[in-house]
Amino acid sequence: MRIDEGLTRSPTAGFLRRRSSLPIWADLAWRVALLFGLIALVLLLHWVGRDGLKDNYDDHIDFIDVLYFTTVTVTTVGYGDIVPVTPAARLFESLFVTPIRLFVWLLFLGTAYNLFFRNIVYRWRMARIQADLHNHIIVTGFGTSGQEAVHELIARGTDPREIVVIDGSEKALELAEAKGCNILCGDSTRDKTLKDVAIHRSRGMIVSAGRDDTSILITLTARHLAPDLPISIVVRNEDNELPARQAGATTVINPVSFAGLLLAGSTGGAHIADYMADLAASGGRVKLNERPVRPEEIGAPLSAITTGLGVRVYRGDRPVGFWEDGAKRLQAGDMIIEITEGNGVG
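So the sequence shown is numbered by my numbering: it starts at -8 and just counts up by one.
#1: Are there 16 or more other CB atoms within 10 angstroms of the CB of Val342, so buried, or fewer, so exposed?
#2: Spatial neighbours of Lys170 within its chain, please: CB distance less than 7 Å, with the 5 preceding and 5 following residues excluded, ordered by chain position.
#3: I'd like the span of the beta strand (DSSP E) that includes Ser338, first residue to last.
#4: Is the beta carbon of Glu281 sitting closer than 9 Å to the one on Ile328?
#5: Just tell me which of Leu220, Thr210 and Asp72 has its CA closest to the CA of Val226.
#6: Which residues bound the alpha helix (DSSP H) around Val57?
#7: In terms of residues, what are the limits of the beta strand (DSSP E) holding Lys45?
#8: Can you have a look at Val57 and say buried or exposed, based on whether 16 or more other CB atoms are within 10 angstroms of its CB?
#9: Give the single residue among Trp96, Pro292, Met326 and Arg202 whose Cα lies nearest to the Cα of Gly307.
#10: What do you reckon, are the CB atoms on Gly101 and Arg22 nearer than 9 Å?
#11: Spatial neighbours of Asp49 within its chain, please: CB distance less than 6 Å, with the 5 preceding and 5 following residues excluded, ordered by chain position.
#12: Give me the residue from Ala31, Tyr70 and Val65 with the minimum Cα distance to Lys45.
#13: Is the separation between the beta-carbon of Glu161 and that of Cys172 shorter than 9 Å?
#14: Would you mind stating whether Ile222 and Gly201 have Cβ atoms separated by less than 9 Å?
#15: My guess is that Leu216 and Asp269 are in contact by the Cβ rule of under 8 Å, so how many angstroms apart are they, rounded?
#16: In this structure, what does DSSP give as the bridge partners for Asn173?
#17: Using the C-alpha atoms, what's the distance from Val33 back to Asp204?
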């Protein structure tokens, strides 16, 4: 999928449009210069070989006649008032002027497409794409963390067509497109970029811009556009965790802190870090799952659920551990965190 600044996608796969290194005026200027250069070349050769031409009007060939004949034959097949009569002149028209005529038309059509028709087609495609975006996940930043997040989403069963990746690097977007995701080359700190990917209709957003200040600014932008959207953000400096939450992030993840937790946990047992990694990945033997309480579970203790091993309940914004009194009676609106069977083997 692509929308302006680069958003690309079809219902099944994306396409990339690389912005030209030339500004529009320079692109148009070189095309016009090439057109006049070709006309000048044909004019010169026609003037040199003017003895092979015949004017059916006054039987006299002057410079104006040659100029007229050149412009007519380069742009059309001619009107028949001036015609080549010698074999050499006809051969020249057939083998030299005709290919130039076709090239000029291709040049004209290509210019018209680049400057006018492509924009019309582009906006039409953009409207179809935007109308197609519902209940999707937006991933801003496709560095190491963003790539791992998308890989894990797909491994957990998310359709790649339900993921929109925003990044400023075409190379990164090529990787995302290869996974089947929708892609947007743009600046996620701008309202227009996030509106282009229909942020108000998305079900979640992952922010991993590579810089904490940029990620926090993206979160601020997203939060004012979508007040209720779940936003997960990656920050690398512990001091930025609080500003990230104040910016509106629902979940703040510090990979450095998490790595420290794994390292510290491994000192207390050789298998603790292994089990924690197992929980976090879809390919492990176990995995964490979050779900709302079911109607038939209301009133029962957390330990009685049959879908997995209940470890925590979120009642509003308050976490309730499985050992606490609040977990002895589930209530409507509770969110259950459970450990379930993973996809791994062994």
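Glycine residues also receive a C-beta, built at the ideal position from the N, C-alpha and C atoms.
Here's the rundown:
#1: Residue 342 lies beyond the residue range present for the chain, which begins at -8 and ends at 337; the question has no answer from this structure.
#2: Non-local beta-carbon contacts of Lys170 in its own chain, meaning distances under 7 Å to residues more than five positions away in sequence, involve Val141, Ile145 and Pro151 in chain order.
#3: In the structure as shown, the chain begins at -8 and stops at 337. Residue 338 is therefore absent and cannot be evaluated.
#4: yes
#5: Nearest of Leu220, Thr210 and Asp72 to Val226, Cα basis: Thr210.
#6: Phe54 to Thr66
#7: Counting along the chain, the unbroken beta strand (DSSP E) around Lys45 starts and ends at Leu44 to Asp46.
#8: buried
#9: Met326
#10: yes
#11: none
#12: When each option's Cα is compared against that of Lys45, the closest is Tyr70.
#13: Cβ distance not < 9 Å, so Glu161 and Cys172 don't count as in contact.
#14: Result no, Cβ atoms of Ile222 and Gly201 do not sit closer than 9 Å.
#15: So it is not a contact: roughly 36 Å between Cβ atoms.
#16: Partner(s): Val155.
#17: 60 Å
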